[in-house]
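*Asks:*
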Amino acid sequence: MSTMNYPQRMRQVTSVKHPDARLVAATAPRRFKYLNIPFLLVVIALVAYGLFIVYSATVNNDTYNFSRQAAGVLVGAVLMFLLFRYDYHQLSHYMVFFLIVNVVLILMPHVPGIGATAKGATSWVNIGPVNFQPGEFAKVTVILLDACVISKYGGKLTNPVDFLKALGIMIVPFVCIMTQPDLGTGLVYLFIAAVALVVGGADVKFLLITLAVLVAGVAAVLILDPILDNMAGHDVLLKDYQKSRLLVFLDNNYDPTGDGYNLKQAKIAIGSGGFLGKGYMNATQSALGYLPESPTDFIFCVLAEEFGFVGSLALIALYALLVYLCYRIAYGAKDLFGTLIVMCITGMWLFQVLENIGMCCGLMPITGIPLPFMSYGTSFMVVNFTLLGLIGSVWAHSGR
Amino acid sequence: MLLAILAGIAALAVVLAIVYALYRRSKKKTEDTVPHTKDLKQVDTYGVEPLKQKTSFGTTGTTEVPQHTTSSGTAGEMLNSRFVAMGVLAAAIFGTLSAKLWSMQILQASDYRKQAEANLYTTVYTPAPRGIIYDANGVPLVTNRSSYTVIADSSVADDRDVCLRLSTILGIPYQVVRQNIQDSSTGAQNNRVVATDVSLRNIAFISEHADAFSGISTEMRTARAYPYGALAAHVLGYASTASSSDLQNADEGRNVLSGDVVGKSGVEYTYENLLAGDHGTRTLLTNASGVVQRIVSETNPTRGNDIYLTIKAPVQEAADKAMRSTLAPNGQLGAGNGSGAGLVCLDATNGEIIALSNFPSYAPGNFVGGISSDVWNSFNSESSHYPLMDRVVQGTYPAASTFKGFTSFAALQCGVATSSSTYYCSGTWTGFGSSYAQKCWNHSGHGTLNLVGGIAHSCDVVFYEIAKGFYDQRATLGETAMQDYVKEYGLGSKLGIDLSGEAEGRIPTPEWKAEYFKDAPEEAQWLPGDMTNMAIGQGYVLVTPLQIAAGYAGIATGTVYRPHVMKEVRNSLGETVLSFEPEVIATPTQSEANAKLVREGLKEVMTVNNYDDRFFSGLNYTVAGKTGTAQVSGKKDYSWFVCYAPADNPKYVCACLTEEGVSSTVCSMPMCATVIQAAMSLDAGNIDSTSVEYIDGSYTTVASSSSSSTSTARED
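Order-wise, the sequence lines are chains A and B.
Using the numbering used here, read the first sequence as starting at 1 and increasing by one per residue.
Using the numbering used here, read the second sequence as starting at 1 and increasing by one per residue.
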């Protein structure tokens, strides 16, 4: 399948026939059978770092409530440990169920009475005191759906009809979320599907053709948009705020008091942090309100301002460690379904880290994608812990 | 922008093509080296595990790689290449982010730190009070008072609720509130003045209900105060909020900020840099909404320098009052004599201006806190006769018979006339031929006169003869002998007074006429008639009342000093930092005998015409002077009077021009008499130097021919 050589160590670690000594040590005591200690340590470090920063960002801000974030961690942790014991294998039979759940969840905000619109997108559901973004929870079912679909092909997706069939099913959540519309979450769904295809052994030719079609589609949207806008007299494809975000992305100094304000302030926060940062709770940019949305989408800027390059790099190191450990679990999974679940989750986190930190630095256009384990948001936290639980389940049921 | 995106897409397409090409190449290679790969893969998909492959574990080597793909101990092992790809992706993402953070937090950190500080610190400037303007004896003519000001952000104009609330609180119509906020001339974006002199109660209300008045702030500013109303309005000038051009054209070293009050005319304008103080500064730490967290540093504003003028308030008051009662009895311009006038009284021994008065006048207080456009328009309308104009300095008029003093001196100095020259006036003069006959103002004629008599009776024929003399002797004297001499007194050029907009006037020469009429060659030739007209101060001659006063000081004393209104400047500690030294700008060539002759003529003007008894009786000094009646086309005659006293030891010169005054004896002469006597009495100690009365600047215009219009003026 490939001429590339892979690292010797990875093979040794994941080989059943030649189990790695460290793995044996970690799994030997029976009561720790379900726990991957290094993985848990990294997760605990990440979550603790996140709570630490969120506290600093919310302590003087009445809009946000730190205890809600802490509650999210607690609920999520319980959920995670419950999932550890659950055998994920059964889930592979519920493809149709996941598809239905996805469609229902994502279209839920359109139901009159419980749906709510904010910032131009019908993404919220309010039931009594509980309000949440179903599109956020749907990330879990999208991952499971994509893993179900692709695992059926046993790591070899070389038939164009199969490829198109798989693509057709996996694109459904994206189409649904674009009715809200929520391009940011939609891109996350697309990236999950892409990871599933790549890891699931789809023919490279198909992947490249799909990518080319996507690029052509984006180009067509950009070219047709002004023409259609002119003909219709209103926004057809791209919304005004999306265009201005693109403008800001292409020219970081565009409209620094208006559309470019967030990016400018975000960059000032990060850059002014310097090497060691301004110190905990000393982030003037967020504390004095120059940086909007600091606990949610721009939480990284608070970290970068308070702890500087050292603190930022520490976070990136933690993410890298998490990704490495996840890859290892995926590699060692007993079946393709398990591998796909873990790789899709990891891929999604990678994408969110890239997009979120990237947008704070001006490397990526601004979208409302939160930073895993760091950003303020109870449902986001619960979702991430659910995903951790799934990874744990795959680890625990890898047959060792 | 679209171009950039398309370029990006094109670049991506190229990368894709390269990746695909590489992929095809590597695939071909694989097929070449391991022909059975495809078969193995197919086997693999059925989950069959070739047992012999296990032996390859622990060995490395590219040739063996394809074999590993078949030995799937775990799900991951059969997808090695895909894991490598995902690993490369992760490494690329983390690498890129780290590199970007390195560049921002290490390489550009100081840049961003500066920007963060610029966010945090705001410097607020407190306007400094302007210096006070005093008269020569320390009477304050312009002072400061505090004024509570309501200031709005420009966006408030679109906020109907806030505008309505302001309108209710301040008692200003809603439309006016909006207009004031939209008016960009009062300051920058966040500094639009809504109202000044707001009561403390209303200021407190607005401050307490900040929520209901978003975008509104209040400030205590200092405003100019004029304790004597319109007294010396044209000397003091007015000050008002800096316009955008004032901000741009501020002198180097000056920090003029929007919202500052700057001088626009008079002394306020000339000595702007001395009068303006230094702003107080306050550096504040603010949050994003501009709420002050703490004060970082603070300096207090320093008041500008005080200016002491040469103006003597009691004399100025006498002048302003005389003007008002002569031209606008009961405040009605047109009901008295003349439609406008300028009067100046200066010290012939040093050039100090004792009084400078114009009518119509205005109250500078109208400009405090911004002048309303209605008042501004009325100040600049023809029907109001332009009260802002300083006629003394800026107005140019035919000199008429006041010019004869200079003509006489010129004739004597050039030998065109002597003390024994006699002239015969029959009422008509035909010196240049009967077809060029010119009349004396006295059509019945003056009979036989010498030069002194010619001056005393202002006989035109005498000066026609003098002009003819200059014309006839132009070969020996030069073509412009008369003009050259007259110019020695400062006529036809700026005297350099420290008030803005000074006019040059004009003494015509053949050269000037050729240039002036260069488009009409038939008019451009210098004619004998131009000489005769000039000799009596008509024709193309134009002078300002200030030039006449300064010129007559030259006739009376032999020296012309630069006229000025500033005496000295004292800083806020009361120390004199600058004082004006008398400056001689001309010493015309005068022989003692000739001077005596001309001065005798000017003295006789008073006695021969009985002016001394009518206007200067009971004085222990004599007065010399000269009248003038200028013909202006389409207008009633303009009346001149210029005099100096004491005639034998001249101290003060006073000149006055009244537009459409018809006869000097009903306007210019009595006004000059009042002023010069006030100046002399003040010196003699007969008037209290500090007792000054309030001068009303408002007036209405009545015209016999046209409908009356009103010039509204707010008094201070």
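Glycine residues also receive a C-beta, built at the ideal position from the N, C-alpha and C atoms.
Whole angstroms is fine: what's the gap from Q538 of chain B's alpha carbon to P398 of chain B's?
*Replies:* 6 Å
*Asks:* Return no unless some Cβ of chain B is closer than 7 Å to the Cβ of T284 of chain A.
*Replies:* yes
*Asks:* Determine the DSSP secondary structure at M281 of chain A, reduced to helix, strand or coil.
*Replies:* coil
*Asks:* Below 6 Å CB to CB, which residues in the same chain sit around T378 of chain A once its five sequence neighbours on both sides are set aside?
*Replies:* Cβ within range, chain order: R68 and G72.
*Asks:* Please state whether the Cβ-Cβ distance between G342 of chain B and P173 of chain B is less than 7 Å.
*Replies:* no
*Asks:* How far does the alpha helix (DSSP H) with R391 of chain B in it extend, from its first residue to its last?
*Replies:* R391 of chain B -> alpha helix (DSSP H) spans R391 to Q394.
*Asks:* Sort B:G336, B:Y561, B:L274 and B:M606 by Cα distance to E583 of chain B and report the nearest one.
*Replies:* B:Y561
*Asks:* At what residue ranges does the region 562-591 of chain B contain a whole run of the beta strand (DSSP E), taking only runs of 3 or more?
*Replies:* 566-570, 576-579 and 584-586
*Asks:* Looking at the secondary structure, which residues open and close the beta strand (DSSP E) in which S146 of chain B lies?
*Replies:* P140 to A152
*Asks:* Just how far apart, CA to CA, sit L224 of chain A and D240 of chain A?
*Replies:* Computed Cα separation, rounded: 15 Å.
*Asks:* Anything in chain A within Cβ reach of K321 of chain B, meaning under 8 Å, just list it in chain order.
*Replies:* Chain A residues near K321 of chain B: none, gap ~57 Å exceeds 8 Å.
*Asks:* Mind pulling the chain B residues with CB within less than 7 Å of Y290 of chain A?
*Replies:* N119 and A288
*Asks:* Comparing alpha-carbon positions, which option in B:A233, B:M566 and B:D260 lies nearest S244 of chain B?
*Replies:* It is B:D260.
*Asks:* Can you pull out the residues from the region 236-250 of chain B whose beta carbon lies closer than 9 Å to at least one beta carbon of chain A?
*Replies:* Contact residues of the region 236-250 of chain B toward chain A are absent (C-beta to C-beta distance below 9 Å).
*Asks:* Kindly list, in the order they appear in chain B, the residues whose Cβ is closer than 7 Å to that of C344 of chain A.
*Replies:* Ordered by position in chain B, no residue passes the 7 Å Cβ test against C344 of chain A, which lies about 11 Å from the chain.
*Asks:* For L573 of chain B and N300 of chain B, what's the separation of their Cα atoms in angstroms?
*Replies:* 15 Å
*Asks:* Under a three-way DSSP split, which group does Y319 of chain A fall into?
*Replies:* DSSP places Y319 of chain A in the helix class (H, G or I) of the three-state scheme.
*Asks:* Any Cβ of chain B within less than 7 Å of the Cβ of F309 of chain A?
*Replies:* yes
*Asks:* Can you list, in chain order, the residues of the region 269-284 of chain A whose Cβ is nearer than 7 Å to any Cβ on chain B?
*Replies:* I270, G271, S272, G273, G274, F275 and T284
*Asks:* Output the distance between the C-alpha atoms of V702 of chain B and S361 of chain B, rounded to the nearest integer angstrom.
*Replies:* 16 Å
*Asks:* Could you spell out where the alpha helix (DSSP H) holding V113 of chain B opens and where it closes?
*Replies:* The sequence as given places Arg at residue 113 of chain B; Val does not occur at that position. Note, R113 of chain B: alpha helix (DSSP H), A109 to L120.
*Asks:* Which residues of chain B have a Cβ atom closer than 8 Å to the Cβ of K267 of chain A, listed in chain order?
*Replies:* M104 and Y112
*Asks:* If contacts are defined as beta-carbon pairs under 8 Å, then M671 of chain B and A328 of chain B qualify, I think. What distance do you get, rounded to the angstrom?
*Replies:* The Cβ separation is near 13 Å, so there is no contact.
*Asks:* What does DSSP give as the partner residue(s) for Q438 of chain B in the beta ladder?
*Replies:* Looking at the DSSP output, Q438 of chain B sits in a beta bridge with B:W429.
*Asks:* Compute the Euclidean distance between the alpha carbons of N533 of chain B and D612 of chain B, then round it to the nearest angstrom.
*Replies:* Taking the straight line from one Cα to the other gives about 29 Å.
*Asks:* Going by CA-CA distance only, name the one from A:A212, A:L336, A:G389 and A:F351 that's closest to N80 of chain B.
*Replies:* It is A:L336 whose Cα lies nearest to the Cα of N80 of chain B.
*Asks:* For the alpha helix (DSSP H) containing R474 of chain B, name the first residue and the last one.
*Replies:* Per DSSP, R474 of chain B belongs to the alpha helix (DSSP H) from R474 to L477.
*Asks:* For L247 of chain B, which residues in the same chain have their Cβ closer than 7 Å to its Cβ, ignoring the five residues on either side in sequence?
*Replies:* V256 and S258
*Asks:* Is G175 of chain B buried or exposed, if buried means 16 or more other CB atoms sit within 10 Å of its CB?
*Replies:* Looking at the sequence shown, residue 175 of chain B is not Gly but Gln. A residue is called buried when at least 16 other Cβ atoms come within 10 angstroms of its Cβ; Q175 of chain B does not meet this threshold and is exposed.
*Asks:* I need the straight-line Cα distance from F373 of chain A to R201 of chain B, nearest angstrom please.
*Replies:* Distance between the alpha carbons of F373 of chain A and R201 of chain B is about 54 Å.
*Asks:* What is the DSSP secondary structure of T70 of chain B, reduced to helix, strand or coil?
*Replies:* Here T70 of chain B scores only 39 on pLDDT, less than 50, and its place in the model is too uncertain to base an answer on.
*Asks:* Does the separation of the CB atoms of L99 of chain A and T386 of chain A fall below 7 Å?
*Replies:* no
*Asks:* Could you please give the first and the last residue of the uninterrupted alpha helix (DSSP H) stretch that includes D530 of chain B?
*Replies:* P528 to A535
*Asks:* Label N718 of chain B either buried or exposed according to how many other C-beta atoms from any shown protein chain fall within 10 Å of its C-beta, with 16 as the threshold for buried.
*Replies:* No statement about residue 718 of chain B is possible, as the shown extent of chain B runs from 1 to 716 and does not include it.
*Asks:* Taking the Cβ atom as the reference point for each residue, do V382 of chain A and G184 of chain A lie within a distance shorter than 7 Å?
*Replies:* No. Outside cutoff.
*Asks:* Between A239 of chain B and V375 of chain B, what straight-line distance do the alpha-carbon atoms span, to the nearest angstrom?
*Replies:* Computed Cα separation, rounded: 15 Å.
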